[in-house]
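Numbering-wise, the sequence shown is residues -17 to -1, 1 to 82 according to mature numbering (1 follows the signal peptide of the UniProt record, and there is no 0). Note that CB positions come from ideal geometry on N, CA and C, so glycine has one too. All values derive from a computational prediction rather than experimental measurement. This report concerns only the one structure given below.
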Amino acid sequence: MRCTSVFLLLALLSACTDNLPSVDATISPEARAADYPALVPLPDLIARSQTDSTIEVETKRLAARVARLKARARALQGRSIIDGATRLRLINAVKDRPA
């Protein structure tokens, strides 16, 4: 009981303080002058959330991207990155280099 009384007394005393930080000073003038956001009726939000599942859309988008990247990797596989003239120049440069 004594702990509860002490806690209650401290809580009441802390409510009397006047040196709390001002929340109004943290709001920028642009935010203060901005219009309130438009309110959308709840049934419209529910209908929109049920028709366009974000997870399904993102899953399809990522699957399509994976397919494109795999096709691109297959096309690049076995292909030379540099042309023949550059390859010969590099081979000759390595041969002429002292070991």
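| said: Distance check for A56 and G67, CA to CA, integer angstroms please. | reply: 22 angstroms
| query | Could you check where the alpha helix (DSSP H) with P20 kicks off and where it finishes? | reply | No alpha helix (DSSP H) holds P20; DSSP gives it neither H nor E.
| request: Could you give the DSSP three-state label for Q33: helix, strand or coil? | output: helix
| Would you call the CB atoms of S63 and R70 closer than 9 angstroms? | yes
| query | Who are the Cβ neighbours of A21 in its own chain at under 7 angstroms, not counting the five residues just before and after it? | reply | none
| Any idea what DSSP makes of V6, helix, strand or coil? | coil
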